[in-house]
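Data block below; observations after.
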Amino acid sequence: MVPPGWTLVAVLLSLVSVLDPVGSVSTSDIHQNVCKTFGSGVVQMFNGTVFYVHSTCPFTLTRFTHNRVDCDITVHRGENGLLEYVEININKIQTRILYNGTIFVEQRMFVFLFTLFYSILSLLNYV
């Protein structure tokens, strides 16, 4: 089961990955401009190069500016190599998504209604 917060990260990264330099959405090859990380430290760059990073230090997955909007996506892994959190900064507004799905915006916890609803269903064993 994927925590709800990681679904949000995947959606945001997917949206970021389909923007070409002039800002239009290209559907011809949607995987052409994708940078991703998975497993316990595997990183795949935009050009398809794959390498392994084993570190507990935060590192920048991608950074870009589009239409005067600065975006910086940083990931942090724990001692076991798995993601602890992803931090997305858009025009200096910090959003941090923890592994357990908790989301912080500007250091304040933020709860989506679907997250709350999903949690209630989980408690009632409907999911």
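Mapped onto mature numbering (1 follows the signal peptide of the UniProt record, and there is no 0), the consecutive letters of the sequence shown carry residue numbers -24 to -1, 1 to 103. The beta-carbon is built from N, C-alpha and C at its ideal position, and this holds for glycine as well.
- The Cβ-Cβ distance between S16 and L74 does not fall below 7 Å.
- Residues T71 of the same chain have their beta carbon placed closer than 6 Å to that of V81, with the five preceding and five following residues left out of the count.
- Within its own chain, the residues whose Cβ lies closer than 6 Å to the Cβ of P34, once the five positions on either side in sequence are excluded, are T50 and H52, listed in chain order.
- For the 7 Å CB-CB criterion, T38 and C11 form a contact.
- As a beta-bridge residue in DSSP terms, Q70 pairs with N65.
- Pairing M85 with Y28, the inter-Cα distance amounts to about 32 Å.
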